[in-house]
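Q: Using full-length UniProt numbering, you'd call the opening residue of the sequence shown number 1 and step up by one each time. Just so you know, even glycine gets a beta-carbon here, dropped at the ideal spot from N, CA and C. Computed from a predicted structure; not experimentally measured.
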Amino acid sequence: MEGQNLMLAMEAMDGLGLTNVVPLPADGHAFVANPTNWVIVAQDRAPGTRISTSDEATVHVAKTDEAESSWCGDGDC
Numbered sequence: 001m002e003g004q005n006l007m008l009a010m011e012a013m014d015g016l017g018l019t020n021v022v023p024l025p026a027d028g029h030a031f032v033a034n035p036t037n038w039v040i041v042a043q044d045r046a047p048g049t050r051i052s053t054s055d056e057a058t059v060h061v062a063k064t065d066e067a068e069s070s071w072c073g074d075g076d077c
């Protein structure tokens, strides 16, 4: 999933029944407000690892350059 847009990845995971997706900012931001503005940079489980639909799927994300440059309300740009 690395390199994928978070929103698209979450939609794909939801289609597989994985609804407990936890995005963790890896770039210093406090939280993810709009999944469309983030890209997955790492995941806790190795690609291809089987998980139950009730398992938590943690992905580490970074804000896209476009989203970062278009809004600087959080003061970190």
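From the DSSP secondary-structure annotation, give me the bridge partner or partners of residue 40.
A: Residue 40 pairs with 61.
Q: Give me the Cα-Cα distance between residue 25 and residue 18, rounded to the nearest whole angstrom.
A: If you take the alpha carbons of residue 25 and residue 18, they lie about 20 Å apart.
Q: To the nearest whole angstrom, what separates the beta carbons of residue 22 and residue 56, a pair I think is in contact under 8 Å?
A: Rounded, the Cβ-Cβ distance is 6 Å, consistent with contact.
Q: Just grab the DSSP bridge partners of residue 23 for me.
A: Bridge partners of residue 23: 59.
Q: Pull up the CB-CB distance for residue 64 and residue 39, whole angstroms please, since I reckon it's below 8 Å.
A: Their Cβ separation, rounded to whole angstroms, is 6 Å, which keeps residue 64 and residue 39 in contact under 8 Å.
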